[in-house]
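Protein chains in written order, with the numbering used here: chain C, 187 to 377; chain F, 187 to 377.
Glycine included, every Cβ here is placed at the ideal spot set by N, Cα and C.
Reviewing the structure listed below.
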DNA sequence: AATTCTTATTAAACTAGTTTAATAAATATT
DNA sequence: AATATTTATTAAACTAGTTTAATAAGAATT
């Protein structure tokens, strides 16, 4: 749990005893490639941390997967929307590789926050971090062309392109596989 | 400050004494139509609550305003991105009408959170609320057509169309004024 | 009431994507 | 190694927006 501990401490000064209290609730879990951590219609009451692997977070819109995020090592994740609102999920969480994750239940999160002001602060600040990422995402969706967003993803998360098939990346970028292929061709002709 | 108090209590059970402690830091401020609460390049260290009026939150991209949000009565707002990161803003906050707001400084927010676990919880939960809104925004940007987003805005915030010129709404929707006009024409011909 | 200024619509040419379908390339399976 | 399956590219026709520029409508000012 060293990676998890380090990641929490990157947000707030958590004492050893508070950390020990918090970590006791996390449980290790393994998912094989192709396994679903969550399917639409299910409730999600766990919060996860990626120790190893890659998980896709997607919805089905008219039968087609719309990838919203790829969670890789060091990410905290869940279907945060359904988790927060306590409603059935409209999304899927699927292991794109064999994965090792740590999970904690919503009730245990509540216990941890009730017990420790500093861990509640970690909660607030990690929510802030999520805000920053979503804010950037919205700005990118609004102000950048698809080509620019492709180039930016290539720059920000280059290893993703080795781990994930291109048609899922196209989906993440809000494109069809054909559309992304065209963009790549256009770029390869110029440069 | 009754509206402010009510809004805070809609997030967390704050005791009277904690509430009193928190509210002492808020200061009332008035902005005339056209006034800027924030300009690009400035640091923003205040958090605001809209008592009365409408504030646009926008960036300039190649000289053109890109409206990201309209803040109306009951909204908490700031340039949250610059506020959180402590970096100079790239955005503007402009009163579209005469406005009454309450504001609190970042340092005072910190004092309040340090003083009261329940107010820190309010902070976390209001951040969660912001997450939910941004999440929906991202989904709308990704999965809905411009026409659908226009119709949805019309449904969700109908009064906005009486308060705000159409070209700003076009910008909010990520369209040109011409584009929005076309959509409206298309709809009026069908229905 | 007339004028000016701002906002909204329309037209025409253009563009970056879409869809569908065929083909090519890469990967996995027998 | 041969075959089947999955993934990526290309082509062709189409679409919903863009830009620029002209016009019309509405609001504010003299």
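What does residue i reach in chain F if we use C-beta pairs closer than 7 Å?
i, result
"residue 336(C)", "Neighbours of residue 336(C) on chain F: none; closest Cβ ~15 Å, over 7 Å."
"residue 252(C)", "328 and 329"
"residue 360(C)", "328"
Measure the alpha-carbon distance for residue i versus residue j and round it to whole angstroms.
i, j, result
"residue 222(C)", "residue 292(C)", "19 Å"
"residue 209(C)", "residue 191(C)", "8 Å"
"residue 363(F)", "residue 353(F)", "5 Å"
"residue 249(F)", "residue 351(F)", "19 Å"
"residue 243(F)", "residue 199(C)", "34 Å"
"residue 237(C)", "residue 345(C)", "16 Å"
"residue 194(F)", "residue 241(F)", "20 Å"
"residue 335(F)", "residue 327(F)", "8 Å"
"residue 378(C)", "residue 264(C)", "Given a span of 187 to 377 for chain C in the structure shown, any question on residue 378(C) remains unanswerable."
"residue 367(F)", "residue 341(F)", "18 Å"
"residue 226(F)", "residue 245(F)", "8 Å"
"residue 356(C)", "residue 321(F)", "20 Å"
"residue 373(F)", "residue 231(C)", "42 Å"
"residue 343(F)", "residue 201(C)", "46 Å"
"residue 296(C)", "residue 290(C)", "10 Å"
"residue 285(F)", "residue 215(F)", "8 Å"
"residue 280(C)", "residue 315(C)", "23 Å"
"residue 256(C)", "residue 220(F)", "42 Å"
"residue 365(F)", "residue 371(F)", "10 Å"
"residue 266(F)", "residue 211(C)", "32 Å"
"residue 205(F)", "residue 339(F)", "34 Å"
"residue 300(F)", "residue 251(C)", "44 Å"
"residue 324(F)", "residue 274(F)", "24 Å"
"residue 189(C)", "residue 189(F)", "43 Å"
"residue 268(F)", "residue 268(C)", "28 Å"
"residue 313(F)", "residue 298(C)", "18 Å"
"residue 278(F)", "residue 278(C)", "37 Å"
Quick check on the burial criterion: 16 or more other C-beta atoms within 10 angstroms. Buried or exposed for residue i?
i, result
"residue 229(F)", "exposed"
"residue 187(F)", "exposed"
"residue 224(F)", "buried"
"residue 239(C)", "buried"
"residue 375(C)", "exposed"
Using only alpha-carbon positions, find the residue among the options that is nearest to residue i.
i, options, result
"residue 360(F)", "341(F), 371(F), 333(F) and 347(F)", "333(F)"
"residue 348(C)", "282(C), 269(C), 329(C) and 296(C)", "282(C)"
"residue 203(F)", "312(F), 218(F) and 303(F)", "303(F)"
"residue 207(F)", "306(F), 322(F) and 372(F)", "306(F)"
"residue 213(C)", "335(C), 294(C) and 374(C)", "294(C)"
"residue 272(C)", "271(F), 318(F) and 257(F)", "318(F)"
"residue 253(F)", "358(F), 267(F), 215(F) and 375(F)", "358(F)"
"residue 261(F)", "268(F), 233(F), 246(F) and 342(F)", "233(F)"
"residue 337(F)", "325(F), 329(F) and 369(F)", "369(F)"
"residue 218(F)", "235(F), 251(F) and 287(F)", "287(F)"
"residue 196(C)", "267(C), 365(C), 308(C) and 373(C)", "308(C)"
"residue 330(C)", "247(F), 220(F) and 189(F)", "247(F)"
"residue 258(F)", "268(F), 312(F) and 235(F)", "235(F)"
"residue 270(F)", "310(C), 284(C) and 274(C)", "310(C)"
At 8 Å on the CB atoms, spell out the chain C contacts of residue i, in chain order.
i, result
"residue 270(F)", "314, 317 and 318"
"residue 303(F)", "303 and 306"
"residue 249(F)", "Within chain C, no residue comes near residue 249(F); the closest Cβ sits about 13 Å away, beyond 8 Å."
Is residue i near the ligand NAP, judged by its Cβ being under 7 Å from some heavy atom?
i, result
"residue 286(C)", "Looking at this structure, you won't find the ligand NAP or any other ligand, since it has none at all."
Can you name the residues of chain C whose CB is closer than 9 Å to the CB of residue i?
i, result
"residue 267(F)", "317, 318, 321, 322 and 325"
Note down, in chain order, every chain F residue with its Cβ under 9 Å from the Cβ of residue i.
i, result
"residue 365(C)", "Near residue 365(C) there are no residues of chain F at all, since even the closest Cβ is about 14 Å away, more than 9 Å."
Using the beta-carbon of each residue, which ones in chain C are nearer than 7 Å to residue i?
i, result
"residue 309(F)", "310"
Identify every run of the beta strand (DSSP E) within the region 280-307 of chain F, keeping only runs that are complete inside it and at least 3 residues long; order them along the chain.
-> 285-291
Run through the region 312-372 of chain F for me and flag every whole alpha helix (DSSP H) of 4 or more residues, listed as ranges in chain order.
-> 332-342, 346-349 and 352-358
Going along the chain, which unbroken runs of the alpha helix (DSSP H) with 4 or more residues stay wholly within the region 196-249 of chain F?
-> 202-209
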